[in-house]
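Undergrad: Please find one structure pasted underneath; my questions will follow.
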Amino acid sequence: MHHERAIHHPEPITWLPTPAHHPAIPVPVLPEQAGIALVSLPDGTRTLAYTHPTPTEPAPAPAPTAGIPGWAKTTALLAPTIGGGIGAAGYGISYAAPGLIAMTEALWAVVALIAVGGAALLLGRTRRASASTHITQHITATGLFGRASGSTGHR
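Read in order, the letters of the sequence shown are residues 162 to 316 in the working numbering.
Here is the structure:
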């Protein structure tokens with residue numbers, strides 16, 4: 162792609178004629194709009210420098226900022242924590258899934274066992290005779306590993 166060169170045409174600087182009685186450094190005459198002025202440096206040297214125009218009005222003061230509300234700071238701090246906790250929970254559940262499946266199967270087996278036991282009790286009560294045997298046991302033992310002895314009484 163062909164680009165044209167940018168050509169800068171500066172305004173010519175006109176020099177004031179020097180007086181004939183003593184030699185002096187020529188002082189350039191610059192237009193006011195150019196933003197260039199003859200300035201004196203701290204060591205006494207006079208040189209050309211770019212200057213900023215003095216503002217006619219002071220710039221308006223910026224409005225004071227209210228700052229960041231507390232709820233926004235709290236939310237910003239809690240968001241990664243909550244996200245990390247959810248990620249860790251998902252990771253843990255993926256490892257626990259086989260165990261959870263086995264636990265649900267075991268719970269269903271317990272439910273079935275309770276149902277069978279309940280059905281057996283209901284069926285057993287309807288067929289039972291009115292006279293039943295009552296057995297009483299009295300067992301005693303001394304010490305943690307002592308031998309237990311007891312008696313059984315029938316009524």
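For each residue, glycine too, the CB sits at the ideal point set by N, CA and C.
Report the partner residues of I300 according to the DSSP bridge assignment.
TA: Here residue 300 refers to the residue found at position 139 when the sequence shown is read from its first residue. I300 pairs with G311.
Undergrad: Which residues mark the beginning and the end of the beta strand (DSSP E) in which A210 is found?
TA: Counting from one through the sequence shown, the residue named residue 210 turns up at place 49. First-last of the beta strand (DSSP E) with A210: R207 to Y211.
Undergrad: Between which two residues does the beta strand (DSSP E) harbouring A198 extend?
TA: Your numbering for residue 198 matches position 37 in the sequence shown. First-last of the beta strand (DSSP E) with A198: I197 to S201.
Undergrad: Do you know offhand how far Y211's Cα is from G248's?
TA: Translated into the one-based positions of the sequence shown, residue 211 becomes position 50. Translated into the one-based positions of the sequence shown, residue 248 becomes position 87. Those two C-alpha atoms are separated by around 60 Å.
Undergrad: What is the DSSP secondary structure of T235, reduced to helix, strand or coil?
TA: In the sequence shown, residue 235 corresponds to position 74, counting from 1. Helix.
Undergrad: For T226, name the three-state secondary structure that DSSP assigns.
TA: Translated into the one-based positions of the sequence shown, residue 226 becomes position 65. The answer is coil: DSSP assigns T226 none of H, G, I, E or B.
Undergrad: Considering only the alpha carbon of each residue, which of G304, L199, I296 and P219 lies closest to S312?
TA: Here the question's residue 312 lines up with position 151 in the sequence shown. When only C-alpha atoms are compared, the closest one is I296.
Undergrad: At the level of alpha carbons, what is the spacing between W232 and P221?
TA: Counting from 1 along the sequence shown, the entry for residue 232 is found at position 71. Counting from 1 along the sequence shown, the entry for residue 221 is found at position 60. If you take the alpha carbons of W232 and P221, they lie about 31 Å apart.
Undergrad: Please report the distance separating the alpha-carbon of A276 from that of A263.
TA: Counted from its first residue, the sequence shown places residue 276 at position 115. Counted from its first residue, the sequence shown places residue 263 at position 102. Distance between the alpha carbons of A276 and A263: 20 Å.
Undergrad: What did DSSP end up calling I262 once you bin it into helix, strand or coil?
TA: On the sequence shown, position 101 is the one that residue 262 refers to. Helix at I262.
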